[in-house]
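Using UniProt numbering, the first residue of the sequence shown is number 1, and each one after it goes up by one.
Ideal placement from N, C-alpha and C gives every residue a C-beta, glycine not left out.
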Amino acid sequence: MSLESQQQAADAAQQSNRKPPFFFREEYAGLIVRGNFMTLAAKPELVETGEWLAHQVVEQYRLLEQMIDIIKVIDEKTGAPVCNPNVCPTMSASGHTYTWLDNNKKPIKIPAIQYINLVQKWIVGKINDSSIFPTDTTSFAAATYASGSLTPMSAPQPLGPTNLNAPLSTLAGRDWLGKSSGFPESFDSDIRSIYRQMMRCYAHLYHGHWLDPFWNVNAYKELNTCFIHFVNVGKLFELIGDKEVEPMQPLIDLWLAKGLLPPAQGQAPPPAAKQENVAPPQQSAPGTAT
Ligand SMILES: [Zn+2]
1 MSLESQQQAA
11 DAAQQSNRKP
21 PFFFREEYAG
31 LIVRGNFMTL
41 AAKPELVETG
51 EWLAHQVVEQ
61 YRLLEQMIDI
71 IKVIDEKTGA
81 PVCNPNVCPT
91 MSASGHTYTW
101 LDNNKKPIKI
111 PAIQYINLVQ
121 KWIVGKINDS
131 SIFPTDTTSF
141 AAATYASGSL
151 TPMSAPQPLG
161 PTNLNAPLST
171 LAGRDWLGKS
181 SGFPESFDSD
191 IRSIYRQMMR
201 CYAHLYHGHW
211 LDPFWNVNAY
221 KELNTCFIHF
231 VNVGKLFELI
241 GDKEVEPMQP
251 LIDLWLAKGL
261 LPPAQGQAPP
271 PAAKQENVAP
281 PQQSAPGTAT
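Structure (structure tokens):
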């Protein structure tokens, strides 16, 4: 696309509030790869679901991080990052403002970039906490396929029923996502919390920054590609609900209509999905949408 037509597109975006934002239009919903995202998200038959989801969450975060880096680039004109407290005084997307919980668990509005930085720190803390993510997911592929073992070397073995150090719930024979791979009982709610926060970041990237910088640096297809993969995994494994994706629903509907995302399955989410407010253990906690 020529510079001139890019400028026209930018001008039109600023003028018109009646038309849907550019990122909700079919002509801008394209991707950088022609692939089947459903195949990419599908769990290999012999891999345990907890292992697979841990691998997916780490991978999804890696992709999101690359997109977030784009809004942190210093704008030469202003000398400030593209997303800064003046441009984005709150973590907002399409009428939603996401609040953070302060030390007293009181919801507070903070600039988007501060919110995103806190989310990143919080997610990295979770991923690197071996009591939450006992698998060394960076060696996931090698450990899974090269050695023929489904349990990476660094993962603790599941506790046997006679281990007196095991939690009572284990002794009582309770089951949960990832239990057989050594993941804690909170794993399911942890990855849902991570997914919810990542969704908010994507919503802000689109609603706050699709034009500047993603359109301007011609990275909007990369953004779409990361996001469709994120949504696909989230929907397939029910890590994310309709309410959370609402700010991006029109784009998701476009992709659904093209058959790029699986149709709604209409299945009841697993029991742990009902756990709504999972506060991270550290002092600052992601809040809820207001
Ligand atoms: Zn921003």
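A distance filter of 7 Å between CB atoms and the heavy atoms of ligand 1 selects the following residues in sequence order: Ile71, Cys83, Val87, Cys88, Ala112, Ile113, His204, Gly208, His209. Residue pairing by DSSP places isoleucine 108 opposite Trp100 in a beta bridge.
A Cβ-Cβ contact shorter than 8 Å links phenylalanine 37 with histidine 229.
DSSP, reduced to helix, strand and coil, places proline 250 within a helical segment of the structure shown. DSSP places isoleucine 191 within a helical segment (H, G or I) once states are collapsed to three. In the three-state scheme derived from DSSP, where H, G and I count as helix and E and B as strand, isoleucine 68 is classed as helix. Leucine 223: member of the alpha helix (DSSP H) spanning 220-236, first to last residue. Judged by beta-carbon spacing, asparagine 224 lies within the 8 Å limit of leucine 31, meaning their Cβ atoms are closer than that value. Within the same chain, Cβ atoms closer than 6 Å to the Cβ of isoleucine 71 are found at Val82, Cys83, His209, the five residues on either side in sequence being excluded. About 5 Å separates the beta carbon of tyrosine 98 from that of arginine 200, a gap short enough to meet the 8 Å contact definition. Between the beta-carbon of leucine 251 and that of tyrosine 195 there is about 17 Å, and that puts the pair past the 8 Å contact cut. Residue pairing by DSSP puts isoleucine 74 in a beta bridge opposite Pro81. Here arginine 34 carries a coil assignment [DSSP, helix/strand/coil].
The way I'd put it, the region 122-130 doesn't touch the region 241-259; fewer than three beta-carbon pairs between them come closer than 8 Å.
The alpha-carbon separation between glutamate 27 and lysine 221 amounts to approximately 11 Å. By the criterion of a C-beta distance shorter than 6 Å, cysteine 226 is surrounded in its chain by Leu63, Met67, once the five residues flanking it on both sides are discounted. A residue is called buried once 16 or more other Cβ atoms fall within 10 Å of its Cβ, and lysine 235 is buried on that count.
For lysine 258, there is no enclosing alpha helix (DSSP H), as DSSP marks it with neither H nor E. According to the DSSP assignment, aspartate 129 belongs to no alpha helix (DSSP H), since it is labelled neither H nor E. Contact between the region 180-187 and the region 127-135 is present: 3 or more CB-CB pairs across the two stretches fall below 8 Å.
Nearest to serine 189 by alpha-carbon distance, out of Ile108, Pro262, Met91, Ala54, is Ala54.
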